[in-house]
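Residue numbers are given in our numbering: position 80 of the sequence shown equals residue 243, and the series is strictly consecutive.
All C-beta atoms, glycine included, are put in the ideal place defined by N, C-alpha and C.
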Amino acid sequence: MKKFVLLTIISFALSFHLGAQCFPDRHNTTWYDGWVSCVASDNPNTERGLSHWLMYDFGYVYKMGQMHVWNANDIEYLDWGLRTVVIDYSLDGNSWTELGTFSFEQAPGRSTYEGFDGPDFAGIEAQYVLITAIDNFGGNCYGLSEIRIRVEGTAVVSTEEPEASDACLTVHMFPNPFVTRTQLKITSRCDEEVYYGIRDALGQVIVPEQKMTGSSVNLEFSDKNMAAGVYFLSVRQGSMISQHRLVKIGN
């Protein structure tokens with residue numbers, strides 16, 4: 164099958180919200196609004212063994228830039244904050260390359276906390292970023308409030324090779340990543356009606372399930388106040404349901 168490739172030039176910050184914020188770049192002071200690990204588990208990078216870790220999947224390969232970190236900010240659990248970490252990155256989630264070992268600042272336990280700059284990836288290409296704790300500030304658990312990584316570069320998206328195909332359906336989404344609109348094209352080889360809907364990563368409905376009335380539909384999101392991030396398209400025909408990742412980037 165002939166394959167066309169769209170090169171989408173993007174520059175935006177992906178914010179992986181491990182906790183909620185009331186003001187831009189400030190973090191609240193509750194431990195349950197962040198990542199907490201009290202039991203070590205097998206690390207995706209087997210060289211790290213049993214450890215306290217968190218891994219981010221960006222969905223596509225991007226050029227990574229500056230990281231910004233908000234450490235554990237609950238006044239009663241500041242010692243849960245990560246003090247020394249090793250950061251790895253990967254293209255496929257299996258083979259890992261070490262970026263380095265870094266020291267994180269302890270949070271002050273104030274609602275005005277704006278975090279600190281972590282390492283700069285300096286354009287390294289990766290889809291996965293893995294943070295493994297070496298030690299913390301003395302607590303029994305390990306905690307982190309939020310990580311933000313600026314992403315600058317080229318996302319490679321196929322416009323002809325199907326995102327999903329089975330005996331009945333072939334699904335294309337173009338462009339993906341998108342800014343305010345994308346086209347959904349479904350080719351059906353079966354008789355049942357086709358339905359589609361979109362939800363965000365928390366399961367909240369963005370586009371309620373509705374019937375396809377043709378072979379394609381233009382999806383417009385400019386009126387939905389969608390934040391940049393990952394969304395999921397569900398396509399249903401008969402008893403078959405498939406999910407497909409949509410990535411929205413900033414304006």
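As computed with DSSP, V368 is found in a beta bridge with R362. The DSSP-derived three-state label of R211 is helix.
Annotation: the continuous beta strand (DSSP E) that includes F265 extends over T260 to S266. Note on geometry: alpha-carbon atoms of P282 and R313 lie some 11 Å from one another. Under DSSP, I287 takes part in no beta bridge, so it has no partner. By the criterion of at least three beta-carbon pairs nearer than 8 Å, the stretch 398-413 is in contact with the stretch 370-390.
With the rule of 3 Cβ pairs closer than 8 Å, the stretch 237-255 counts as touching the stretch 296-309. Taking C-beta separations shorter than 7 Å and ignoring five residues to either side along the sequence, the partners of F265 in its chain run V248, I250, G281 and P282, following chain order.
Ranked by Cα distance from T275, the first of V292, G366 and N236 is N236. Separation of P338 and I349 (C-alpha to C-alpha, rounded to the nearest whole angstrom) is 14 Å. Taking a C-beta distance under 7 Å as the contact criterion, L293 and M218 qualify as a contact pair. Under the criterion of beta carbons closer than 8 Å, I412 and P340 qualify as touching, at roughly 5 Å.
The secondary-structure analysis by DSSP pairs V393 across a beta bridge with V410. Ranking A203, E309, V410 and C201 by CA distance to the CA of M389 puts V410 first.
Taking the CA atoms as reference points, T376 sits about 24 Å from Q367.
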